[in-house]
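Novice:
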Amino acid sequence: MSPPEHFLVAYEINPWMRADQPVDRDRAVRQWDALRTALLDLGHHVHVLPSVAGLPDMVFAANGAFSVDGIVYGARFKYAERSAEADAHRAFYESAGGWKFVPPTQINEGEGDFAYLPGRGLILAGHGFRTETAAHAEAQEVLGRPVVSLRLVDERFYHLDTALAVLDDQRITYYPGAFSASSQRVLAQLFPDSVLADEADALAFGLNLVSDGHNVLVNTEATAYADKLTAAGYHPVPVDLSELKKGGGSVKCCVAELRAA
Ligand SMILES: CN(C)C(=N)NCCC[C@H](N)C(=O)O
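For the sequence shown, the working numbering begins at 5 and goes up steadily by one.
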């Protein structure tokens, strides 16, 4: 995680961002800290990557890389405004030891567009707005896991992690309307027991969640979606990240999962 000490809506690169919208940075820091505390309370170890002045979106740490079994496929951001974030993430993995970092040649936004199902050894990957399909093939070569390409078609859900999340080793949750008809068929075929979300759930950023297989950290606004998680046997833990939503992200965007070897 990287604190929102320099968070600002300084440019508009997704439909949620309004450059004239004021941001209460102290409130953003408090909300981010509550998320970090919730992760610690659930027994997770949280590494904090220092934020860098001039990189207002760095709080969305999930976009900085994608790791599977100790191999890290680095990010290459679509927009110049975010490109230097990739260097900070790379420096972390290279100095931490124990990681094999592979620099990308193709545009990809890390866990924003890549998700991993450990029980199936399968990577799900989004394209259409940010990550390019060539990066899906590159990730498959780098990480040695099959990559299922999914086409995103609604610009409000510009990253895979706004529309789909991994709930446990085998199961996912997603909003079908964010995907092309063919990608919806692929998801229905591979994951017939998914927890399906509707448009309102996705607009409340409910799918931008972090799950440990039982406890699900989920945006507070997504109350109806939280009920669906409960009905499916999960334990939703609401987290308020309303300030960060002004940048177009929520729970999952703030958390880069470190999948060590
Ligand atoms: C859930 N999402 C979309 C993320 N994984 N990341 C949020 C990135 C927000 C940033 N302003 C941008 O537009 O890149």
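Positions of the beta carbon are idealized from the N, C-alpha and C atoms, including for glycine.
Spell out the partners DSSP gives Arg80 in its beta bridges.
Specialist: Answer is Asn112, bridged to Arg80.
Novice: For Arg34, count the other beta carbons within 10 Å of its own beta carbon; 16 or more makes it buried, fewer makes it exposed. Which is it?
Specialist: The residue is exposed, with fewer than 16 neighbouring Cβ atoms inside 10 Å.
Novice: Since Leu126 and Pro107 are thought to touch, with beta carbons under 8 Å apart, how far apart are those beta carbons, to the nearest angstrom?
Specialist: 24 Å between Cβ atoms; not a contact.
Novice: Anyone know if the C-beta pair for Met21 and Gly252 falls short of 7 Å?
Specialist: Yes; because the gap between Cβ atoms is below 7 Å, this pair is in contact.
Novice: Does the beta carbon of Cys258 fall short of 6 Å from some heavy atom of ligand 1?
Specialist: Every heavy atom of ligand 1 is 6 Å or more from the Cβ of Cys258, so no.
Novice: In the structure shown, what three-state DSSP assignment does Leu262 receive?
Specialist: Here Leu262 sits in coil by DSSP.
Novice: I'd like the ranges of any alpha helix (DSSP H) spanning at least 4 consecutive residues and lying wholly in the region 172 to 243.
Specialist: Qualifying alpha helix (DSSP H) stretches, in chain order: 185 to 194, 203 to 207 and 227 to 235.
Novice: My understanding is that Asn223 touches Val243, with C-beta atoms under 8 Å, so please give their C-beta distance in whole angstroms.
Specialist: So it is a contact: roughly 7 Å between Cβ atoms.
Novice: Return the residue from the list Glu145, Pro26, Pro8 and Ala23 that minimises the CA-CA distance to Arg40.
Specialist: Of the listed residues, the one whose Cα sits closest to Arg40 is Pro8.
Novice: If distances are taken between C-alpha atoms only, which option among Asp73, Leu59 and Ile111 comes closest to Ala92?
Specialist: Among Asp73, Leu59 and Ile111, the Cα nearest to that of Ala92 is on Leu59.
Novice: Let me know if Glu98 comes out buried or exposed under the rule of 16 or more other beta-carbons within 10 Å of its beta-carbon.
Specialist: Label assigned to Glu98: exposed.
Novice: State the beta-bridge partners of Ala129 as determined by DSSP.
Specialist: In DSSP, Ala129 forms a bridge with Phe118 and Ser153.
Novice: Would you kindly work out how many angstroms separate the C-alpha atoms of Lys104 and Asp73, rounded to a whole number?
Specialist: Going by the C-alpha atoms only, they are around 10 Å apart.
Novice: Residue range of the beta strand (DSSP E) that Lys104 falls in?
Specialist: Note, Lys104: beta strand (DSSP E), Lys104 to Val106.
Novice: Identify the continuous beta strand (DSSP E) that holds Phe70 and give its terminal residues.
Specialist: Residues Ala69 to Val72.
Novice: For Val63, name the three-state secondary structure that DSSP assigns.
Specialist: In this structure, Val63 counts as coil in the three-state DSSP scheme.
Novice: Please report the distance separating the alpha-carbon of Asp173 from that of Leu121.
Specialist: If you take the alpha carbons of Asp173 and Leu121, they lie about 5 Å apart.
Novice: Go ahead and pull the three-state DSSP assignment for Asn27.
Specialist: Looking at the sequence provided, one finds Val at residue 27 rather than Asn. Of the three classes helix, strand and coil, the one that applies to Val27 here is coil, per DSSP.
Novice: Going by alpha carbons, who is nearest to Tyr77 out of Leu233, Glu159 and Gly114?
Specialist: When only C-alpha atoms are compared, the closest one is Gly114.
Novice: Three-state secondary structure (DSSP) at Val13?
Specialist: DSSP places Val13 in coil when its eight states are reduced to three.
Novice: What are the start and end residues of the alpha helix (DSSP H) that includes Ala141?
Specialist: Note, Ala141: alpha helix (DSSP H), Thr137 to Leu147.
Novice: Ligand 1 and Ala235: does the residue's C-beta get closer than 6 Å to at least one heavy atom of that ligand?
Specialist: For ligand 1, not one heavy atom lies less than 6 Å from the Cβ of Ala235.
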